[in-house]
Each structure stands twice: as C-alpha cells, then as structure tokens.
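In our numbering, the protein residues as written are 3 to 121.
Backbone N, C-alpha and C define an ideal beta-carbon position, used for all residues, glycine too.
Here the structure is a predicted model, which is why all the values come from computation and not from measurement.
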C-alpha cells in the first residue's frame, strides 16, 4: 500500500516570507526559529525567536526563498501550519493558521493544540 505524502511542515504566505527575508537581512545572519511552549490560559503559545544556528534536531523549512527552523519538540503541533504576516492600523504581527489548533483564548495569545497522531 502506498503511503500518503507527508504534508509540508510549515508554509509561509508571501507576506510572511517577505517579512522574514527583511528581518534576516537586517540581522545580517541567523535564522528565525518557530515553536510552541506551554503557557497562557488555553495551554500553549506560539513562539518565535532569532537563533544563530539550528539545534541538532530542529527541522529546516525552506519556502518562497527563505529558511526558518522549527523547534523539534513542536513538529507534531505545527505540522501543516501556515505562517502569515498581517498589517493593520493597530499592529503588525506574524500569525499561525494551524489545522491542529482546536481552541484559543479570548485575547488570542494562547491556543489549544492537539498533536498530529503518528501513523
């Protein structure tokens, strides 16, 4: 029996790819690292940080000409997610469209994520 193709770990919208490229150009080197951590009223929070190099087990994702690293502990929580960058009159921020997210708190800072089941 043929295995289903694995969905892409994380994809970037054009806006997110442009902003990541801009940030990395300003920094001169390094990577943008994304992941999740326990916290907030809904249980988990998305995190983003700048790192000089990926850690040993991190996943490197290349999409639309930019590279980001995904924390190895977050892979099953972020599988299939889309990272976007939105600009409004009140803020500019990265957002996550995550098919594994089942709930979010009212303020939008924390989420409930069910990890992808191993096949």
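Taking DSSP's pairing of strands, which residues face residue i in a bridge?
i, result
"residue 49", "37"
"residue 65", "68"
"residue 14", "85"
"residue 24", "Answer is none; residue 24 lacks a bridge partner."
If you draw a straight line from the alpha carbon of residue i to that of residue j, how long is it in whole angstroms?
i, j, result
"residue 90", "residue 21", "15 angstroms"
"residue 77", "residue 43", "22 angstroms"
"residue 16", "residue 72", "19 angstroms"
"residue 56", "residue 62", "8 angstroms"
"residue 31", "residue 50", "16 angstroms"
"residue 40", "residue 104", "15 angstroms"
"residue 87", "residue 117", "24 angstroms"
Within this structure, are the beta carbons of residue i and residue j separated by less than 8 angstroms?
i, j, result
"residue 75", "residue 37", "yes"
"residue 23", "residue 85", "no"
"residue 9", "residue 82", "yes"
"residue 34", "residue 70", "yes"
By the 10 Å Cβ neighbour count, where 16 or more other Cβ atoms means buried, how is residue i classified, buried or exposed?
i, result
"residue 53", "exposed"
"residue 59", "exposed"
"residue 95", "exposed"
"residue 121", "Low confidence applies to residue 121: its pLDDT is 49, below 50, so where it sits in the model is not reliable enough to give any reading."
>> Pairs of beta-carbons, one from the stretch 24-32 and one from the stretch 95-104, closer than 8 angstroms: are there three or more?
In response: With a cut-off of 8 angstroms, the stretch 95-104 and the stretch 24-32 do not count as touching, because too few Cβ pairs lie within range.
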